[in-house]
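Chemist:
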Amino acid sequence: AQSVAQPEDQVNVAEGNPLTVKCTYSVSGNPYLFWYVQYPNRGLQFLLKYITGDNLVKGSYGFEAEFNKSQTSFHLKKPSALVSDSALYFCAVRLSWGTTDSWGKLQFGAGTQVVVTP
Amino acid sequence: DVKVTQSSRYLVKRTGEKVFLECVQDMDHENMFWYRQDPGLGLRLIYFSYDVKMKEKGDIPEGYSVSREKKERFSLILESASTNQTSMYLCASHNEAGATYNEQFFGPGTRLTVL
């Protein structure tokens, strides 16, 4: 069974400073990893995904994530945080294509609340 | 633009009522999902559907049922609402073309309160 852990409930950062949101995963086989963001009272918005290839993935709103196979991590990063980045961030992993019980299902982490202060 | 809509943003029901949550997508996606979101627990899959009239249980199906009579519409039913079903409910849709590992698209959510 696959699982995702987001070890921090909340990350606080000052505007203009680098932002990192941590995610580690456990899967049998190749990991397919996603980051989503949720603004208050809204649904989830897709940020980026890692499927294969370059370990550094670039996504929406200036975010990027680094896939590290040896550390089984997929940390989300932004070089310079904005107040508008304050939101709830979710990491997710899915099963490989063709695996029984796949169908595009995602396993989500518990979420990390990001607070960016002016 | 891709769109997933949910019938209500906020809903208040009483214990024992039958509750219907509706989700509609306009992307012709095969797969649709219902999640509930609770603080500290992330999103947990209730049910999903991979085709019209086809459904599979997720991780927490107890107390819920679903209906998918048309491709674009996926309904979540609480047969007899209970207070522990007070939560945010999120619908998502997804399409897989080959092995492209596409993302899921989410609706805005329905915040259900059961009194």
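Residue numbers (my numbering), protein chains in the order written: chain A, 330 to 447; chain B, 8 to 122. We put the CB at the ideal spot given by N, CA and C, even for glycine.
1. Are any of the Cβ atoms in chain B nearer than 9 Å to that of Asn341/A?
2. Should Ala421/A and Gln442/A be called a contact, given that it needs their Cβ atoms to be closer than 9 Å?
3. Quick check: the Cα distance between Ala330/A and Leu362/A, rounded to an integer number of angstroms?
4. Is the Cβ-Cβ distance between Glu37/B and Lys78/B less than 9 Å?
5. Quick one, which of Leu50/B, Glu24/B and Val59/B has its alpha-carbon nearest Lys434/A's?
6. What residues of chain A sit near Gly96/B, judged by a beta carbon separation below 7 Å?
7. May I ask which residues mark the beginning and end of the beta strand (DSSP E) holding Thr349/A?
8. According to the neighbour-count rule (16 or more other Cβ atoms, all chains shown, within 10 Å of its Cβ), is Val342/A buried or exposed?
9. Give me the Cβ distance between Trp364/A and Ala410/A, rounded to the nearest whole Å; I'm assuming they're in contact under 8 Å.
10. For Phe396/A, which residues from the same chain have a beta carbon less than 6 Å from its beta carbon, with the 5 sequence-adjacent residues on both sides left out?
11. For Phe81/B, would you say it is in contact with chain A, using Cβ-to-Cβ distances shorter than 9 Å as the test?
12. If you follow the beta strand (DSSP E) that Met95/B is part of, which residue opens it and which one closes it?
13. Check Ser357/A in the structure and name its three-state DSSP category.
14. Starting from Asn471/A, follow the beta strand (DSSP E) in both directions and report where the run begins and ends.
15. Does chain A have any CB closer than 9 Å to the CB of Glu103/B?
16. Assuming Ile53/B and Leu83/B are in contact, meaning their beta carbons sit under 8 Å apart, how far apart are those beta carbons, in whole angstroms?
17. Going along chain B, which residues have a C-beta under 7 Å from Leu435/A?
18. Where does the unbroken beta strand (DSSP E) through Ser82/B begin, and where does it stop?
19. Any C-beta of chain B within less than 8 Å: which residues of the stretch 389-410 of chain A qualify?
20. Within the continuous beta strand (DSSP E) that includes Met39/B, where are the two ends?
Modeler: Reading it off the structure:
1. Position 12 of the first sequence, counted from the start, is the residue given in the question as residue 341/A. False, the Cβ-Cβ gap to chain B never drops below 9 Å.
2. The residue labelled residue 421/A in the question sits at position 92 within the first sequence. The residue labelled residue 442/A in the question sits at position 113 within the first sequence. Their beta carbons are not under 9 Å apart, which means Ala421/A does not touch Gln442/A by this criterion.
3. The residue labelled residue 330/A in the question sits at position 1 within the first sequence. The residue labelled residue 362/A in the question sits at position 33 within the first sequence. About 15 Å.
4. Reading the second sequence from its first residue, position 30 is the one you call residue 37/B. Reading the second sequence from its first residue, position 71 is the one you call residue 78/B. Their beta carbons are under 9 Å apart, which means Glu37/B touches Lys78/B by this criterion.
5. Residue numbering aside, residue 434/A sits at position 105 when the first sequence is read from its first letter. The candidate whose alpha carbon is nearest that of Lys434/A is Leu50/B.
6. Start at 1 with the first residue of the second sequence, and residue 96/B comes out as number 89. The question names Gly, yet the displayed sequence has Tyr at residue 96/B. In chain order: nothing, as chain A lies at least about 11 Å away.
7. Counted from its first residue, the first sequence places residue 349/A at position 20. Unbroken beta strand (DSSP E) run through Thr349/A: Leu348 to Val350.
8. Position 13 of the first sequence, counted from the start, is the residue given in the question as residue 342/A. Its Cβ being crowded by 16 or more others within 10 Å, Val342/A is buried.
9. Translated into the one-based positions of the first sequence, residue 364/A becomes position 35. Translated into the one-based positions of the first sequence, residue 410/A becomes position 81. Contact doesn't hold; Cβ gap of about 15 Å is too wide.
10. As a first step, residue 396/A is located in the first sequence; it is residue number 67 there, counting from the start. So the qualifying residues of the chain are Tyr379, Asn384 and Phe403.
11. Against the second sequence, residue 81/B aligns to sequence position 74. No, Phe81/B does not count as interfacial toward chain A.
12. Numbered from its first residue, the second sequence carries residue 95/B at position 88. Here the beta strand (DSSP E) through Met95/B covers Ser94 to His101.
13. Translated into the one-based positions of the first sequence, residue 357/A becomes position 28. Per DSSP, reduced to three states, the secondary structure at Ser357/A is coil, with no helix or strand assignment.
14. There is simply no residue 471/A to check, as chain A begins at 330 and stops at 447 in what is shown.
15. Here residue 103/B refers to the residue found at position 96 of the second sequence. Yes, its Cβ sits closer than 9 Å to a Cβ of chain A.
16. Taking the second sequence and counting its residues from 1, one reaches residue 53/B at position 46. Taking the second sequence and counting its residues from 1, one reaches residue 83/B at position 76. Indeed they touch by this definition, with Cβ atoms about 7 Å apart.
17. Here residue 435/A refers to the residue found at position 106 when the first sequence is read from its first residue. Gln111, listed in chain order.
18. Here residue 82/B corresponds to residue number 75 of the second sequence, with the count starting at 1. Start and end: Arg80 to Leu85.
19. Listed by position along the chain: nothing, the set is empty.
20. Translated into the one-based positions of the second sequence, residue 39/B becomes position 32. Here the beta strand (DSSP E) through Met39/B covers Asn38 to Asp45.
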